[in-house]
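J.: Residue numbers (our numbering): 65 to 631. We put the CB at the ideal spot given by N, CA and C, even for glycine. As the structure is a computational prediction, the values presented were derived from the model and not from experiment. Quick one: the structure is below, questions incoming.
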């Protein structure tokens, strides 16, 4: 019998399979590793299984509701504010008070749960590090389990990394960023762990294992009696937030900690969710620490939502920035909603990477970052995201100059002017031109990102930007949209129409360019050809796939052979 999370004895019978000590109904199909076994204990897996059993039908229902909404949009419908929840939007209520440990979040850094990355990010000078199991991580068994090991060591304060190539040891400083963890979205399965004969839900595995092993040490070392802290991705409706709230309450009860200990920031990164911001905060009101503008995924979601609307074609993705009316409206309404409800309104990602070999280009890139962050802080955002430690000092300077000693702007920037933002504002078609270079860049970035993802890397530096799955998604859906509607590339004077022949030629030419850029050896060893096939199929399929990573996931699932013990 195993000791449960709150000292009770787990009733489940044990079985030892493939080296792991498994509760009844749980099957681990990923390879055995002694380090992983410290994470995949009987009681930790029982905790995950109990979450799965209680919430799987709620999750399935929420995913069915997504399909119904998609069918409605595909028949010409538009997302909008729900009349049935007007009382929530118009009611006078606030979320629970922000924990002191995370009152100041003016600069946050994000990155995958990779060991050296975690140390550097926690030491970076940012206020928060969001450790990512989602878009910045390729969810291979190795990456996921090593990520859990790394986070446990980080929360314990014992994490170190010996970089043999540089003969350098990395350790935590005395002062570190506060740790938030982002599990995967509701839609992603975990095919290496089966519960009652079906794959576990990816986010419940990520959340459950991390929470089980770290809640006590986190609250002691990091949270000042609160925590753990999370970021929640890809939600489309408040019913999905309600499931998370119920998961949190169950975890708190099982751990014997106060209700409201766990706190989460929700990424508003789908178009339907922008009409549900009050409702999402309301569902999570005891566990909320705000909303974040997940702007790259938001652009991807705009195309996906309007996939059957030929009148809503996007211009080149580089033109779809925060100056577009629909993007600015989304940011302004998010700030107003969060501040009205007493929580943080977090800004978007600065994806730039310092350009070390070109001081002129680097200076121009840094100026763009500062301008973007100045717009955010003046609009009322309480903090923002950076993908690289090199961006933290200039971003911090912008926020310090405009916020002074205040930890946030929740009480000083109410943005009542944003109360007049309408559905039309949030749906306005972005303006701009479509070009051959836009098609080429989408193709080049999409293939290279996917090639890296298939070989285990989910955060990829490309053309001086740190790309994650969101950028690859924009590239894919935009190519799909342009192909489906045979759009004219009206921005470069040629008037060429996008069709399969043109796209086939572009793929061929961009593959040649990629080979030249990365070198023959890396091209041969990398999975560029497989990536090109998957990306091409995704761009040319008659029905748009919901997520690139769902299709590609099957290529990275590795089950140990049946009957083997320690492979």
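1) Only counting the same chain, and skipping five residues up and downstream in sequence, which positions put a Cβ closer than 7 Å to that of residue 84?
2) Of all the alpha helix (DSSP H) runs that stay within the bounds of the region 297 to 367, which reach a length of 4 or more residues?
3) How is the beta strand (DSSP E) around residue 410 delimited, first residue to last?
4) Determine the contact status of residue 173 and residue 218, defining contact as a CB-CB distance below 9 Å.
5) Considering residue 389, what are the terminal residues of the alpha helix (DSSP H) in which it resides?
6) Looking at the unbroken alpha helix (DSSP H) that takes in residue 613, where does it start and where does it end?
7) Would you mind giving the Cβ-Cβ distance between residue 536 and residue 514, rounded to the nearest angstrom? I have them listed as a contact below 8 Å.
8) Closest to residue 568 by C-alpha separation, out of 508, 521, 622 and 590, would be which residue?
9) Short check: CB of residue 573 to CB of residue 504, under 9 Å?
10) Scan the region 462 to 515 and note each continuous alpha helix (DSSP H) run of 4 residues or more that stays entirely inside, going in chain order.
11) With respect to the beta strand (DSSP E) encompassing residue 85, which residues constitute its N-terminal and C-terminal limits?
12) Residue 71 to residue 267, Cα distance in whole Å?
13) In three-state terms, what does DSSP make of residue 262?
14) Helix, strand or coil: which one does DSSP assign to residue 222?
15) State the CB to CB distance for the pair residue 228 and residue 381, rounded to an integer number of angstroms; the pair is presumed to be in contact (CB under 8 Å).
16) Counting beta carbon pairs with one atom in the region 330 to 345 and one in the region 164 to 180, are three or more of them shorter than 8 Å?
17) Let's see if you can read the secondary structure: which residues bound the beta strand (DSSP E) around residue 174?
18) Tell me the rounded alpha-carbon separation between residue 510 and residue 321.
19) Could you check the C-alpha separation between residue 195 and residue 347 for me, to the nearest Å?
20) Let me know the secondary structure DSSP gives residue 203 once reduced to three states.
21) Between 345, 423, 604 and 391, which has its C-alpha nearest residue 403's C-alpha?
22) Taking 9 Å as the threshold (beta carbon to beta carbon), is residue 190 in contact with chain C?
23) Where do the ends of the beta strand (DSSP E) carrying residue 240 lie?
24) Do residue 276 and residue 113 have their C-beta atoms closer together than 9 Å?
25) Specify, as a first and last residue, the run of the alpha helix (DSSP H) that residue 165 falls within.
26) Based on the DSSP output, what are the partners of residue 235 in its beta bridges?
27) Using C-beta distances below 6 Å, list every residue in its chain close to residue 298, excluding the 5 sequence neighbours before and after it, in chain order.
28) For residue 431 and residue 273, I'd like the C-alpha separation in whole angstroms.
29) For a test of the three-state rule: what should DSSP assign to residue 552, helix, strand or coil?
30) Check for me: the alpha helix (DSSP H) holding residue 59 runs from which residue to which?
31) Within 10 Å of its beta-carbon, does residue 396 have 16 or more other beta-carbons around it, so buried, or fewer, so exposed?
32) Taking all protein chains shown into account, decide if residue 279 is buried (16 or more other Cβ within 10 angstroms of its Cβ) or exposed.
33) Start and end of the beta strand (DSSP E) containing residue 596?
34) Check whether the Cβ atoms of residue 12 and residue 466 lie closer than 9 Å to each other.
35) Looking only at its own chain, which residues have a Cβ that is under 8 Å from the Cβ of residue 450, when we skip the five neighbours before and after it?
36) Compute the distance between the beta-carbons of residue 319 and residue 220, then report whether it is under 9 Å.
T.: From the atom records:
1) 92, 96, 101 and 104
2) 302 to 319, 335 to 338 and 341 to 347
3) 409 to 414
4) no
5) 389 to 404
6) 612 to 617
7) 6 Å
8) 508
9) yes
10) 487 to 491
11) 84 to 87
12) Per-residue confidence for residue 71 stands at a pLDDT of 44, beneath the threshold of 50, marking its modelled position as unreliable; the derived number appears in the next sentence. Answer to the nearest angstrom: the Cα atoms are 25 Å apart.
13) strand
14) coil
15) Not quite, the Cβ-Cβ distance comes to about 39 Å (not below 8 Å), so this is no contact.
16) no
17) 171 to 176
18) 44 Å
19) 24 Å
20) coil
21) 345
22) Included in the structure is just one protein chain, with no chain C present.
23) Unbroken run through residue 240: none, as it is neither H nor E.
24) no
25) First-last for residue 165: undefined, no H or E at that position.
26) 224
27) 249
28) 41 Å
29) strand
30) Residue 59 is absent from the structure shown; the chain starts at 65 and stops at 631.
31) buried
32) buried
33) Residue 596 -> not in any beta strand (DSSP E); alpha helix (DSSP H) instead, spanning 592 to 604.
34) Outside the displayed range of the chain (65 to 631) lies residue 12, so it cannot be described from this structure.
35) 171, 172, 173, 174, 190, 413, 414, 456 and 459
36) no
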